[in-house]
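Written out below as structure tokens is the structure these notes cover.
Chains as they are written, first to last, in the numbering used here: chain A, 1 to 163; chain B, 1001 to 1194.
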């Protein structure tokens, strides 16, 4: 190789010393060992790089799949039915529902076999057991915004009386 | 009679480097054979023994090729390789010196010149002795001067290539070479023929 820079001291005596003290060069076997070592290390480095690249690809793919799955499976904004706690049966403590008493109902006649019997004494004195707790199931207590805190507040449906 | 055919031009370093990065072992072999001697000479001058120099050459080639992205082909591959080999040699030399200081038991320091002077020769030195003297003289130089001088004298790099390899200004290369020569002349005064 030509060196373009002019040697500042062409008669430099160091150059002779330098030339005479030429380093001992390795044998071909030593060179081969070094060359093999380089090839082995480069192959290992290339393999490690490939492995690393695949690991990164796998990681990115996994993250992408997780993101897609998250988007697909994430609960939508549509309202889900919330769990409704059913209140304890407010009528449980009543054996007979005091929906009406004898003073509330006036029986004028009892229709039987197409004959109207005149009722003298009230046929159902006292509390009229129109229904028992077993006959009524409470689905919700706030239907239509109307609440019935006590049985006495319950609406009374009475068939129209014939006068 | 067969006509003489012209031999194909040898592949350039850039071609070989491209093939090596693609995993071509034949290209690696050609590249290695082309630059191994100069890399070894530089490493040897910086380390002072064959075994370490070969280790530095191996490290240098591996690092030069695996870190080609940093090379960026802004200079020749040889310049890049010698830069990496120089760094590998200096690293190895530091490790060795550390080990030497830790296990010092009266032996001579690694490539060191204890009192800054070299032994005066009584007779004509053979090549091995001269080499040892030279190694010690080199070791007496400050590291920047030594590196610059070796890249020039043994690596065959131009001033500009040294500047590129070491990342220093051209004027710095010239001043380092000047002071290195002065110091070596002084250290080798008994061994050089005026």
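Ideal Cβ placement from N, Cα and C applies to all residues, glycine included. Quick caveat, the model's predicted, so the values are computed rather than measured.
Looking at the unbroken alpha helix (DSSP H) that takes in residue 1053 of chain B, where does it start and where does it end?
That run of the alpha helix (DSSP H) goes 1050 to 1066.
How would you list, in chain order, the residues of chain B whose beta-carbon sits under 8 Å from the beta-carbon of residue 28 of chain A?
Within chain B, no residue comes near residue 28 of chain A; the closest Cβ sits about 11 Å away, beyond 8 Å.
So, does the CB of residue 31 of chain A fall closer than 8 Å to a CB anywhere in chain B?
Closer than 8 Å to some Cβ of chain B, the Cβ of residue 31 of chain A qualifies, so yes.
Which stretch, first to last residue, makes up the alpha helix (DSSP H) that contains residue 1016 of chain B?
Taken as a continuous stretch (DSSP letters only), the alpha helix (DSSP H) holding residue 1016 of chain B covers 1013 to 1021.
Give the residues from the stretch 39 to 62 of chain A that approach chain B closer than 7 Å (Cβ to any Cβ), ordered along the chain.
Against chain B - using a Cβ distance shorter than 7 Å - the residues of the stretch 39 to 62 of chain A are 39, 41, 42, 45 and 46.
Name the chain D residues whose beta carbon is nearer than 7 Å to that of residue 1153 of chain B?
Among the chains of the structure shown, chain D does not appear; the protein chains present are A and B.
Comparing the C-beta of residue 1095 of chain B with each C-beta of chain A, is any distance below 8 Å?
No, residue 1095 of chain B lies away from the interface with chain A (no Cβ there is under 8 Å from its Cβ).
Between B:1053, B:1031, B:1077 and B:1142, which lies nearest to residue 39 of chain A when the distance is taken from Cα to Cα?
It is B:1031.
For residue 1188 of chain B, which residues in chain A fall below 7 Å Cβ to Cβ?
By Cβ distance, chain A contributes 14 and 17.
Cutting at 7 Å between CB atoms, please list the residues of its own chain near residue 1177 of chain B, excluding the five before and the five after it.
Closer than 7 Å at Cβ, skipping near neighbours: 1148, 1149 and 1152.
Restricting to Cα atoms, I'd like to know which of B:1130, B:1037 and B:1018 is closest to residue 1190 of chain B.
Comparing Cα positions, the closest option is B:1130.
In the stretch 1049 to 1060 of chain B, which residues sit with their C-beta less than 8 Å from some C-beta in chain A, listed in chain order?
Those would be 1050, 1053, 1054, 1057 and 1058, in chain order.
Tell me, please, whether the CB atom of residue 1179 of chain B is closer than 8 Å to any CB atom in chain A?
No, residue 1179 of chain B does not count as interfacial toward chain A.
I'd like to check one pair, residue 1082 of chain B with residue 1165 of chain B: are the Cβ atoms closer than 8 Å?
A contact, by the Cβ cut-off of 8 Å.
Do residue 1134 of chain B and residue 29 of chain A have their C-beta atoms within less than 8 Å of each other?
Not in contact: residue 1134 of chain B and residue 29 of chain A (Cβ atoms no closer than 8 Å).
Cβ of residue 70 of chain A less than 8 Å from any chain B Cβ?
With 8 Å as the cut-off, residue 70 of chain A does not count as an interface residue toward chain B.
Which whole-angstrom value is the C-beta distance of residue 1092 of chain B and residue 1052 of chain B, which I expect to be below 8 Å?
So it is a contact: roughly 6 Å between Cβ atoms.
Whose C-alpha, out of B:1161, B:1079 and B:1146, is nearest the C-alpha of residue 1047 of chain B?
Cα-wise, what sits closest to residue 1047 of chain B is B:1146.
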